[in-house]
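Inspection log for the structure reproduced underneath, given as structure tokens.
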Amino acid sequence: MLVLPAIDLLDNEAVRLLQGDYSKKTVYSSEPEKMIQVFEEQGATLIHIVDLNAAKTGKSENEKAIRKIKEKCSVELELGGGIRSLENMKFYDGLGVSRFILGTVAVEDKSVVEKGLKEYGPERIVIGVDAKDGFVRTKGWETNSGIKYTDFLKTMYEIGIRHVIFTDISKDGMMAGPNTAVYLELLALFPDLQLVASGGVSSTQDLVNLYDASKGKLFGAITGKAIYEGKLDLKESIRILSKKRNEN
344 MLVLPAIDLL DNEAVRLLQG DYSKKTVYSS EPEKMIQVFE EQGATLIHIV
394 DLNAAKTGKS ENEKAIRKIK EKCSVELELG GGIRSLENMK FYDGLGVSRF
444 ILGTVAVEDK SVVEKGLKEY GPERIVIGVD AKDGFVRTKG WETNSGIKYT
494 DFLKTMYEIG IRHVIFTDIS KDGMMAGPNT AVYLELLALF PDLQLVASGG
544 VSSTQDLVNL YDASKGKLFG AITGKAIYEG KLDLKESIRI LSKKRNEN
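For the sequence shown, counting from 1, position 215 maps to 558 in this note's numbering; every step adds exactly one.
Structure (structure tokens):
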């Protein structure tokens, strides 16, 4: 199980939103590339990036930051937020992004997902499922799609998706622990899904609990605020999970 440090970009700054509310932001750095350099030094191999401008409007304002990150860092990047066409994917591919996270477009037009799978293969196309009260939300979490997350994932699975990031919005940024039950539910429904947990990971113990509960079957877990606020030691967390993998 990988630990994926999260960087949310808004106007080329690294920020965090409280439960997806754009009016409740905390700015952590005006130089996101320096944060990622530190994550890389601490052992991270995959960084989770969200373009919050594009997530809300469909237009990226963060190309400058993404270019700087790729210039300064050698870790792999997965990026989401506003990727709604094959052209968007090709653009980010040109910037060196390894994995493309599709959210809103996957709900509204699955043909874009199918095109992405055909062009880049299932290892590079990731579906971001943002859920609240059992339903998938879109457009930067602001719109309720009215589609149950289990129904949506069944559709995605059937067309060939194997990598999924599932975010419980009610847990995001609240430092209250992840919704372990929903990840176990999804792993039971889709046994070979490469599932990443997102939302609520606030300590190394949360990561250990996710690892143990899933018997190591989770692909990874995303954490951001806990790292920024010194509540989760990234280097130590990676060391502990690596040790657990080796013991198994």
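Ideal Cβ placement from N, Cα and C applies to all residues, glycine included.
Computed from a prediction, not measured in an experiment: that's the story for all the values here.
DSSP, read as helix, strand or coil, puts Ala474 in strand. The beta carbons of Thr510 and Asp473 sit about 5 Å from each other, so the pair counts as a contact at 8 Å. As computed with DSSP, Gln385 is found in no beta bridge at all. Inter-residue distance for Gly543 and Gly520 is about 4 Å (C-alpha atoms, whole angstroms). By a beta-carbon distance limit of 8 Å, Met378 contacts Ile350. Their separation comes to about 6 Å. Following the DSSP letters along the chain, one finds Val346 inside the beta strand (DSSP E) bounded by residues 345–353. With fewer than 16 neighbouring CB atoms inside 10 Å of its own CB, Val370 falls in the exposed class. Shown here for Arg588: same chain residues with a beta carbon closer than 8 Å to its own, the five before and five after excluded, namely Met344, Gly559 in chain order. Apart from sequence neighbours up to five positions away, the residues of its chain that approach Asn591 with a beta-carbon distance below 7 Å are Gly559, ordered along the chain.
Of the candidates Leu395, Leu553, Pro375, Ile390, Ile390 places its Cα closest to the Cα of Ser441.
Within the same chain, and ignoring the five residues on either side of Ser541 in sequence, the residues whose Cβ sits closer than 6 Å to its Cβ are Ile508, Thr510, Ile565. Among the bridge pairs identified by DSSP, Val469 is matched with Ile444, His506. Leaving aside the five residues that flank Ser403 on each side, the residues in its chain whose CB is nearer than 7 Å to its CB run, in chain order, Asp394, Asn396, Ala397, Gly425. The residue from Lys497, Ala357, Phe562 with its alpha-carbon nearest to that of Phe533 is Lys497. Distance between Thr388 and Leu584, taken at the CA atoms: about 14 Å. Just measuring C-alpha positions, the residue of Val358, Glu485, Glu528, Lys415 sitting nearest Gly439 is Lys415. Assigned with DSSP and collapsed to three states, Asp555 falls in helix.
Ala556 and Leu527 have their C-alpha atoms spaced approximately 8 Å apart. Straight-line spacing of the CA atoms in Gly401 and Phe478 works out to 22 Å. In this structure, the alpha-carbon of Phe562 lies about 5 Å from that of Val539.
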